[in-house]
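In the numbering used here, the protein residues as written are 464 to 681. Beta carbons: idealized from backbone N, C-alpha and C, even for Gly.
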Amino acid sequence: MAGSGGLALRTLPGSAWVRSSGSALLGRLKDVAVVRPGFLSKDEEDTLSGELEPELRRRRYEYDHWDAAIHGFREIEKSRWTEASRVILQRVQVAAFGPGQTLLSPIHVLDLEPRGYIKPHVDSVKFCGATIAGLSLLSPSVMRLVHTQEPGQWLELLLEPGSLYILRDSARYDFSHEILRDEESFFGEHRVPRGRRISVICRSVPEGVGPGQLPPAC
Ligand SMILES: O=C(O)CCC(=O)C(=O)O
Ligand SMILES: [Fe+2]
Ligand SMILES: [Mn+2]
Numbered sequence: 464m465a466g467s468g469g470l471a472l473r474t475l476p477g478s479a480w481v482r483s484s485g486s487a488l489l490g491r492l493k494d495v496a497v498v499r500p501g502f503l504s505k506d507e508e509d510t511l512s513g514e515l516e517p518e519l520r521r522r523r524y525e526y527d528h529w530d531a532a533i534h535g536f537r538e539i540e541k542s543r544w545t546e547a548s549r550v551i552l553q554r555v556q557v558a559a560f561g562p563g564q565t566l567l568s569p570i571h572v573l574d575l576e577p578r579g580y581i582k583p584h585v586d587s588v589k590f591c592g593a594t595i596a597g598l599s600l601l602s603p604s605v606m607r608l609v610h611t612q613e614p615g616q617w618l619e620l621l622l623e624p625g626s627l628y629i630l631r632d633s634a635r636y637d638f639s640h641e642i643l644r645d646e647e648s649f650f651g652e653h654r655v656p657r658g659r660r661i662s663v664i665c666r667s668v669p670e671g672v673g674p675g676q677l678p679p680a681c
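This is the structure in structure tokens:
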């Protein structure tokens, strides 16, 4: 998308990776809905996808998540990582989480097939704390955030392979998030064709949960 993000910039407030329904909203969410394009080097992307591929390949794509939010996906909850991947996940922790936040373990890995998508939802507060941070691999996609009380307030995040997104606090609790299906996958005017996408999602434990009583991952 390099060089083409400017079009979106002229039509609505935002940056090359974030668009929104208004500049006030954009300002309000700038620290709680964050995209860091190129967070991963190409080598790091290959490290993660190379490690995940054999584990994912053993599963079949499913067409109904337990809460029916996700379609055309397979997933794993992964607790054992190679040292090279641990270094990457450590970087995510430093970039996205505060020193007082504990990460859910295992880590959630989601593989969406090209026609797979995620419907609008808010991650359960029972299973997930204030921060969600996701790495995207393989295919670009568009994540849309819509205010649960005011549907006219929305944000779109362009998630290129190698990017990190962070949703925290208000962006995580007051907005639903979704990954657009291929037919609807536009970032402003720009078509973002969907291929297979793998995401690695780190979450903080729910507030008030002590060590030893950690819930299962979301
Ligand atoms: O794939 C992603 O980045 C988000 C997944 C998600 O929203 C979820 O599993 O709750
Ligand atoms: Fe989610
Ligand atoms: Mn899930």
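Tell me which same chain residues have a C-beta within less than 6 Å of the C-beta of W480, skipping the five on either side of it? Locating residue 480 in the sequence shown gives position 17, where the first residue counts as 1. The residues are V498, P500 and L621.
Would the stretch 599-615 count as touching the stretch 549-562 if we require 3 or more Cβ pairs under 8 Å? no
How many angstroms separate the CA atom of M606 from the CA atom of K589? Indexing the sequence shown from 1 puts residue 606 at position 143. Indexing the sequence shown from 1 puts residue 589 at position 126. Taking the straight line joining both Cα atoms gives about 23 Å.
Closer than 6 Å by C-beta to G658: which residues in its own chain qualify, once you throw out the five before and the five after it? Chain order, please. As a first step, residue 658 must be located in the sequence shown, where it is residue number 195. Cβ within range, chain order: P577 and S602.
With a cut-off of 6 Å, give the chain-ordered residues whose Cβ is closer than this to any heavy atom of ligand 2. H584, D586 and H640
Between which two residues does the beta strand (DSSP E) carrying L503 extend? Sequence index remark: in the sequence shown, residue 503 carries index 40 (1-based). Looking at the DSSP string, L503 is not in any beta strand (DSSP E), and its letter there is neither H nor E.
Can you check DSSP and say which residues form a bridge with W617? Counting from 1 along the sequence shown, the entry for residue 617 is found at position 154. Bridge partners of W617: V609.
Looking at the secondary structure, which residues open and close the beta strand (DSSP E) in which E540 lies? Numbered from 1 along the sequence shown, position 77 holds the residue referred to as residue 540. First-last of the beta strand (DSSP E) with E540: I533 to K541.
Hey, how far is the Cα of T565 from the Cα of V668? Within the sequence shown, numbered from 1, the residue matching residue 565 stands at position 102. Within the sequence shown, numbered from 1, the residue matching residue 668 stands at position 205. Approximately 6 Å between the Cα atoms of the pair.
Which first and last residues belong to the alpha helix (DSSP H) in which Y580 is found? Indexing the sequence shown from 1 puts residue 580 at position 117. Per DSSP, Y580 belongs to no alpha helix (DSSP H); it is in the beta strand (DSSP E), I570 to H584.
Separation of A487 from S548, as counted between CA atoms: The count along the sequence shown starts at 1 and reaches residue 548 at position 85. The count along the sequence shown starts at 1 and reaches residue 487 at position 24. Looking at the two C-alpha atoms, the distance is approximately 38 Å.
Who are the near neighbours of F649 in its chain, counting only those whose CB is closer than 8 Å to its CB and skipping five residues on each side? Looking up residue 649 in the sequence shown gives position 186. Closer than 8 Å at Cβ, skipping near neighbours: V605, L643 and V655.
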